[in-house]
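Single-structure report; data block below.
Number of protein chains: 2
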Amino acid sequence: MKKTRMLTPGPTPLPENVRLSLAKDMIHHRKPEFKKILQDVQKGLQYLFGTQEPVLILSSSGTGAMVAAVNNLFSPGETVVVVEAGKFGERWTEIARERGLKVVRLEVEWGEAVEINKLSDVLEKFKSIKGVLIQASETSTGVLHPIQEVANLCQKKGIISVVDGISAVGISPCPMDKWGIDCLLTGSQKGLMLPPGLAFISLSKKALEKVKTIKQRGFYFDLLKEHASILKCQTAYTSSINLLVGLQESLRYFRECGLKNIYKKQKALTEMVREGVKLIGLELLALKDYTWGLTAVKMPAGLDASKVLSILKEKYGYVLAGGQGPLKGKIIRIGHMGYVDYVDLAGCLYALQKSFVQAGGVSGARNFIERAMDIYFKTLEES
Amino acid sequence: MKKTRMLTPGPTPLPENVRLSLAKDMIHHRKPEFKKILQDVQKGLQYLFGTQEPVLILSSSGTGAMVAAVNNLFSPGETVVVVEAGKFGERWTEIARERGLKVVRLEVEWGEAVEINKLSDVLEKFKSIKGVLIQASETSTGVLHPIQEVANLCQKKGIISVVDGISAVGISPCPMDKWGIDCLLTGSQKGLMLPPGLAFISLSKKALEKVKTIKQRGFYFDLLKEHASILKCQTAYTSSINLLVGLQESLRYFRECGLKNIYKKQKALTEMVREGVKLIGLELLALKDYTWGLTAVKMPAGLDASKVLSILKEKYGYVLAGGQGPLKGKIIRIGHMGYVDYVDLAGCLYALQKSFVQAGGVSGARNFIERAMDIYFKTLEES
Numbered sequence: 001m002k003k004t005r006m007l008t009p010g011p012t013p014l015p016e017n018v019r020l021s022l023a024k025d026m027i028h029h030r031k032p033e034f035k036k037i038l039q040d041v042q043k044g045l046q047y048l049f050g051t052q053e054p055v056l057i058l059s060s061s062g063t064g065a066m067v068a069a070v071n072n073l074f075s076p077g078e079t080v081v082v083v084e085a086g087k088f089g090e091r092w093t094e095i096a097r098e099r100g101l102k103v104v105r106l107e108v109e110w111g112e113a114v115e116i117n118k119l120s121d122v123l124e125k126f127k128s129i130k131g132v133l134i135q136a137s138e139t140s141t142g143v144l145h146p147i148q149e150v151a152n153l154c155q156k157k158g159i160i161s162v163v164d165g166i167s168a169v170g171i172s173p174c175p176m177d178k179w180g181i182d183c184l185l186t187g188s189q190k191g192l193m194l195p196p197g198l199a200f201i202s203l204s205k206k207a208l209e210k211v212k213t214i215k216q217r218g219f220y221f222d223l224l225k226e227h228a229s230i231l232k233c234q235t236a237y238t239s240s241i242n243l244l245v246g247l248q249e250s251l252r253y254f255r256e257c258g259l260k261n262i263y264k265k266q267k268a269l270t271e272m273v274r275e276g277v278k279l280i281g282l283e284l285l286a287l288k289d290y291t292w293g294l295t296a297v298k299m300p301a302g303l304d305a306s307k308v309l310s311i312l313k314e315k316y317g318y319v320l321a322g323g324q325g326p327l328k329g330k331i332i333r334i335g336h337m338g339y340v341d342y343v344d345l346a347g348c349l350y351a352l353q354k355s356f357v358q359a360g361g362v363s364g365a366r367n368f369i370e371r372a373m374d375i376y377f378k379t380l381e382e383s
Numbered sequence: 001m002k003k004t005r006m007l008t009p010g011p012t013p014l015p016e017n018v019r020l021s022l023a024k025d026m027i028h029h030r031k032p033e034f035k036k037i038l039q040d041v042q043k044g045l046q047y048l049f050g051t052q053e054p055v056l057i058l059s060s061s062g063t064g065a066m067v068a069a070v071n072n073l074f075s076p077g078e079t080v081v082v083v084e085a086g087k088f089g090e091r092w093t094e095i096a097r098e099r100g101l102k103v104v105r106l107e108v109e110w111g112e113a114v115e116i117n118k119l120s121d122v123l124e125k126f127k128s129i130k131g132v133l134i135q136a137s138e139t140s141t142g143v144l145h146p147i148q149e150v151a152n153l154c155q156k157k158g159i160i161s162v163v164d165g166i167s168a169v170g171i172s173p174c175p176m177d178k179w180g181i182d183c184l185l186t187g188s189q190k191g192l193m194l195p196p197g198l199a200f201i202s203l204s205k206k207a208l209e210k211v212k213t214i215k216q217r218g219f220y221f222d223l224l225k226e227h228a229s230i231l232k233c234q235t236a237y238t239s240s241i242n243l244l245v246g247l248q249e250s251l252r253y254f255r256e257c258g259l260k261n262i263y264k265k266q267k268a269l270t271e272m273v274r275e276g277v278k279l280i281g282l283e284l285l286a287l288k289d290y291t292w293g294l295t296a297v298k299m300p301a302g303l304d305a306s307k308v309l310s311i312l313k314e315k316y317g318y319v320l321a322g323g324q325g326p327l328k329g330k331i332i333r334i335g336h337m338g339y340v341d342y343v344d345l346a347g348c349l350y351a352l353q354k355s356f357v358q359a360g361g362v363s364g365a366r367n368f369i370e371r372a373m374d375i376y377f378k379t380l381e382e383s
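One line per chain: the protein sequences are A and B, in this order. Read in order, the letters of the first sequence are residues 1 to 383 in full-length UniProt numbering. Read in order, the letters of the second sequence are residues 1 to 383 in full-length UniProt numbering.
This is the structure we're talking about:
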């Protein structure tokens, strides 16, 4: 017996109560029973996003919500700055260009967070910039950008901050209203412990006013239509009903545990993995500003990460992710968001060291699992 | 004890094996296990669509696939004709206008199918027309349009036929290649017996060539990107994984039963409901060209359908749908597609008559349930 353990940075494993709720028979999306679920889910999403504004529900992947944000907030010809620090930063650029926006790319070394001064300089230089597109957590590198400062800067400049919170919301703090974020979005398959297929997006009052000025926002991703619908406890089109039933379960968990405790767990898991990886003798990609839902581990030059990944899967049952773009073959990404605990990670550290050595790497580490586990509990207690 | 029976024209009830498969734990969408599922699903979808072309998979509602069809097949400024015979015909018009197309509306009385001569006349009159947008089955009225003839006509004229098969595919014959349909699409929550959240769309070679000439097809609904992905057993973005696992189950059922037998069952259920409704003394909305997945029943003038629907639900446990747009309050729609059998419908006929009388209608029908059930088996045997 060898259980498969999927520790990828999304999708993430599903808790049993969520899985069972996904198996429920269909209900109709225009009937009172479903409206009650939407109403309950709405409260949970507002708590999760830290906002008083409605959180709109889209039946799409997270990329759909990114497209919705760009097409509803900006008109062709407008200028935006994209913080490009990885694959998902690049995706912002692609989406913005498809929309016909002028894109100022603020390129950041993959593995590093944007420096707020550099963003400030760009905003000074290009006065026509109408918004900043950024990730809270860049899933391709495991970097956490300074969103509070970015939102703050945008507020001062009177421009729109658009934050892809796909691997951040429900994982590390990103309170929309408190930080003054204008548009925050996420997907269902990361911190929320659901299958992919739903995306969530919320707009500040300022952002909503801007959306009202935009023509040709798109038919499927029309945030004004969704905004009007959600106020009536509906979605504009037929939504992914069983995922919404699952979402109700998952959000109940967030409310019962409390966001703060979930963040604590995420932080402690992150410190545990980082400690373990260092003890194994491997290097971390993100040294300073690291996200709390995944950890990117560098492979030594000449050692193909895919070889390690393959042993991890075949021999130890651990499904991890490799690198994307220029990092393909060079890193391993350990996902530890959502329904993942310290024991899942302890086994993962063991499997990582063994697979690394079997793939030709050198590591004589001993006692690293216990020491990493100790860090988990120490971090929990200290926070 | 009173079981709730949902007989709406989508979403539809889910078979147990589908529901249990939806509860499976997550797998990763870029790993071999998932690719195998996609490969298997692809064969099943091609069988369902009656096509040799790839069937593209979108994570969205059916409306998303309608948007994808319009935005990928036509450029702003091009002219299309829309067959508007109900709410979903109107939706084609809205989507086409949002895309900036010139729309020639061919309005058809709600409850009737388009006459092929009238469509032919329109195509003669407006030489600039590049495509026809139509429903196979108009879900708001229960009408079946003559798709084979429409596709044929489009072939002759060298224009693109775009068929919304949302309440037709897997319910009544609509073989894409045989009939020469250029673009056929459907959603997961009708004949396919799945929750909503997935949409499927396939393009003829001619249609694919046209897509290649279109700029700004959209970022999320980019059919060229999806076409390239599916050839590698992938989807362009993270897809609704658990729905795809459920789809594999549902398509297995189609292959095991055989499409012809499923159509037979659908036809027999339709004749059963129509017979029962007539015996109750109620009128059918679609007299001639009726679809096989739902039946729209007229309420006598002065009797509000919502009153009947409410009794059906509260007293008898039957969840049916009302009318949309101008038919609101005037009709009841009985869904009998997907995981619905003749016993479900027998109870529905009983409940319909009783609820109708309790809401103030007059019906002295007797023995109508047996006679309707007899029609079911007679139709099955004769077909």
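Backbone N, C-alpha and C fix where the C-beta goes; we use that ideal spot for every residue, glycine too.
(message) What does DSSP give as the partner residue(s) for A:Leu133 in the beta ladder?
(response) For the purposes of this step, residue 133 of chain A is identified with residue 133 of the first sequence, where counting begins at 1. As computed with DSSP, A:Leu133 is found in a beta bridge with A:Val82, A:Val162.
(request) Could you tell me the distance, in whole angstroms, from the CA atom of B:Arg252 to the CA atom of B:Leu20? (result) The residue labelled residue 252 of chain B in the question sits at position 252 within the second sequence. The residue labelled residue 20 of chain B in the question sits at position 20 within the second sequence. B:Arg252 and B:Leu20 have their alpha carbons spaced roughly 15 Å apart.
(request) Answer yes if the stretch 97-114 of chain A comes into contact with the stretch 270-284 of chain B, meaning at least three C-beta pairs across the two stretches below 8 Å, and no otherwise. (result) Between the stretch 270-284 of chain B and the stretch 97-114 of chain A, the count of Cβ pairs shorter than 8 Å is below three; the stretches do not touch.
(request) Could you tell me whether the Cβ of A:Ser306 comes closer than 8 Å to any Cβ of chain B? (result) As a first step, residue 306 of chain A is located in the first sequence; it is residue number 306 there, counting from the start. Cβ-Cβ to chain B under 8 Å: no for A:Ser306.
(message) I need the straight-line Cα distance from A:Gly329 to A:Thr12, nearest angstrom please.
(response) Indexing the first sequence from 1 puts residue 329 of chain A at position 329. Indexing the first sequence from 1 puts residue 12 of chain A at position 12. The alpha-carbon of A:Gly329 is positioned some 22 Å away from that of A:Thr12.
(request) Buried or exposed for A:Ala136, please, with buried defined as at least 16 other CB atoms from any protein chain shown within 10 angstroms of its CB. (result) On the first sequence, position 136 is the one that residue 136 of chain A refers to. So A:Ala136 ends up on the buried side.
(request) Measuring alpha carbon to alpha carbon, tell me which of B:Val41, B:Gly10, B:Leu7, B:His29 ends up nearest B:Arg255. (result) As a working mapping, residue 255 of chain B is identified with position 255 in the second sequence. Just measuring C-alpha positions, the residue of B:Val41, B:Gly10, B:Leu7, B:His29 sitting nearest B:Arg255 is B:Val41.
(message) Between which residues of its own chain and A:Asn17 is the CB-CB distance below 6 Å, once the five residues before and five after are set aside?
(response) Position 17 of the first sequence, counting from 1, holds the residue named residue 17 of chain A. Within the same chain, A:Asn17 has close Cβ partners Glu249.
(request) Rank A:Lys298, A:Lys130, A:Lys125 by C-alpha distance to the C-alpha of A:Asn117 and give the top, closest one. (result) Here residue 117 of chain A refers to the residue found at position 117 when the first sequence is read from its first residue. The shortest Cα separation from A:Asn117 among A:Lys298, A:Lys130, A:Lys125 belongs to A:Lys125.
(message) Please tell me whether B:His145 and B:Val114 are closer than 8 Å, where the distance is taken between their beta carbons.
(response) The residue you call residue 145 of chain B lines up with position 145 of the second sequence. The residue you call residue 114 of chain B lines up with position 114 of the second sequence. Yes, these two residues count as a Cβ contact at 8 Å.
(request) Count the other CB atoms, across all protein chains shown, that sit within 10 Å of the CB of A:Asn242; report buried if there are 16 or more and exposed otherwise. (result) To locate residue 242 of chain A, count along the first sequence from 1; it is residue 242. The residue is buried, with at least 16 neighbouring Cβ atoms inside 10 Å.
(message) Is the beta carbon of A:Leu184 closer than 8 Å to that of A:Met193?
(response) To locate residue 193 of chain A, count along the first sequence from 1; it is residue 193. To locate residue 184 of chain A, count along the first sequence from 1; it is residue 184. No, these two residues do not count as a Cβ contact at 8 Å.
(request) Measure the alpha-carbon distance for A:Val211 versus A:Val55 and round it to whole angstroms. (result) The count along the first sequence starts at 1 and reaches residue 211 of chain A at position 211. The count along the first sequence starts at 1 and reaches residue 55 of chain A at position 55. Cα to Cα, A:Val211 sits roughly 15 Å from A:Val55.
(request) Go ahead and pull the three-state DSSP assignment for A:Met26. (result) Indexing the first sequence from 1 puts residue 26 of chain A at position 26. If DSSP states are grouped into helix, strand and coil, A:Met26 belongs with coil.
(message) By the 7 Å beta-carbon criterion, what residues does the stretch 8-20 of chain A contribute toward chain B?
(response) Per Cβ criterion, the list reads Thr8, Pro11, Thr12, Pro13, Leu14, Arg19, Leu20.
(message) Give me the subset of the stretch 178-207 of chain A whose CB atoms are less than 7 Å from a CB atom of chain B, sorted by chain position.
(response) Sequence-ordered contacts of the stretch 178-207 of chain A with chain B read Gln189, Pro195, Pro196, Gly197 [C-beta pairs closer than 7 Å].
(message) Please list the terminal residues of the continuous beta strand (DSSP E) segment that includes residue 446 of chain A.
(response) Absent from the model: residue 446 of chain A. The displayed extent of chain A is 1 to 383, so no value can be given.
(message) When you compare the stretch 204-221 of chain B with the stretch 360-373 of chain A, are there three or more beta-carbon pairs, one atom per stretch, that lie closer than 8 Å?
(response) Counting Cβ pairs under 8 Å, fewer than three are found: no touch.
(message) Which complete beta strand (DSSP E) runs does the stretch 214-301 of chain A hold, if anything under 3 residues is left out?
(response) Entirely contained in the stretch 214-301 of chain A, the beta strand (DSSP E) runs reaching 3 residues are, in chain order, 294-298.
(message) Beta-carbon within less than 6 Å of B:Thr186's beta-carbon, same chain only, minus the 5 sequence neighbours each way: which residues are those?
(response) Here residue 186 of chain B refers to the residue found at position 186 when the second sequence is read from its first residue. Only Gly165, Ile166, Val169, Phe200 meet the Cβ criterion.
(message) Beta carbons nearer than 9 Å to chain B: which residues of the stretch 57-89 of chain A have them?
(response) Contacts with chain B (Cβ-Cβ distance below 9 Å) from the stretch 57-89 of chain A involve Leu58, Ser59, Ser60, Ser61, Gly62, Thr63, Gly64, Met66, Val67, Ala68, Val70, Asn71, listed in chain order.
(message) Can you check which of these residues, A:Pro173, A:Glu226, A:Phe34, is closest to A:Thr51 by C-alpha distance?
(response) Within the first sequence, the letter at position 51 stands for residue 51 of chain A. Minimum Cα distance to A:Thr51 is reached at A:Pro173.
(request) Please name the residue or residues paired with B:Leu106 in a DSSP beta bridge. (result) Stepping through the second sequence from its first residue, residue 106 of chain B is reached at position 106. B:Leu106 is bridged by DSSP to B:Val83.
(message) Strictly below 7 Å CB to CB, what residues from chain B border A:Asn242?
(response) In the first sequence, the residue the question calls residue 242 of chain A occupies position 242. Ordered by position in chain B, the residues that pass the 7 Å Cβ test against A:Asn242 are Leu22, Pro195.
(message) How far does the beta strand (DSSP E) with B:Gly335 in it extend, from its first residue to its last?
(response) Residue mapping note: residue 335 of chain B aligns to position 335 of the second sequence, counting from 1. Where B:Gly335 is concerned, the enclosing beta strand (DSSP E) stretches over 331-335.
(request) Below 7 Å CB to CB, which residues in the same chain sit around A:Phe88 once its five sequence neighbours on both sides are set aside? (result) Against the first sequence, residue 88 of chain A aligns to sequence position 88. Residues Gln135, Glu138, Thr139, Ser140, Asp164 of the same chain have their beta carbon placed closer than 7 Å to that of A:Phe88, with the five preceding and five following residues left out of the count.
(message) Going by DSSP in three states, B:Arg5 sits in which element: helix, strand or coil?
(response) Working through the second sequence from its first residue, we reach residue 5 of chain B at position 5. The answer is strand: DSSP assigns B:Arg5 an E or B state.
(request) Anything in chain B within Cβ reach of A:Ser239, meaning under 8 Å, just list it in chain order. (result) Indexing the first sequence from 1 puts residue 239 of chain A at position 239. Here the neighbours are Ser61, Pro196, Gly197.
(request) Anything in the stretch 210-240 of chain B with a Cβ closer than 8 Å to a Cβ of chain A? List those residues in chain order, please. (result) Within the stretch 210-240 of chain B, contact with chain A at the beta-carbon level (separation under 8 Å) is assigned to Gln216, Gly218, Phe219, Tyr220, Phe221, Tyr237, Thr238, Ser239, Ser240.
(request) Answer yes or no: does any C-beta atom of chain A fall closer than 8 Å to that of B:Met1? (result) Stepping through the second sequence from its first residue, residue 1 of chain B is reached at position 1. Chain A, which has no Cβ nearer than 8 Å to the Cβ of B:Met1, makes this no.
(message) Pull the bridge partners of A:Ile57 from the DSSP assignment, please.
(response) Working through the first sequence from its first residue, we reach residue 57 of chain A at position 57. The partner list for A:Ile57 (beta bridge, DSSP) reads A:Phe200.
(request) Determine the DSSP secondary structure at A:Thr139, reduced to helix, strand or coil. (result) Counting from 1 along the first sequence, the entry for residue 139 of chain A is found at position 139. Coil.
(request) Taking C-beta pairs closer than 9 Å, name the residues in chain A that B:Glu98 reaches, listed in chain order. (result) Position 98 of the second sequence holds residue 98 of chain B. Simply Gln216, Arg217, Gly218, Phe219, Asp222.
(request) For the stretch 311-360 of chain B, list the beta strand (DSSP E) runs that are entirely contained and at least 3 residues long, ordered along the chain. (result) Runs found: 331-335.
(message) Give me the DSSP bridge partner(s) of B:Cys183.
(response) On the second sequence, residue 183 of chain B is found 183 positions in, with the first residue counted as 1. B:Val162, B:Leu203, per the DSSP bridge assignment.
(message) Which of the three DSSP states is assigned to B:Leu144 in this structure?
(response) Position 144 of the second sequence holds residue 144 of chain B. B:Leu144 falls in the strand class under three-state DSSP.
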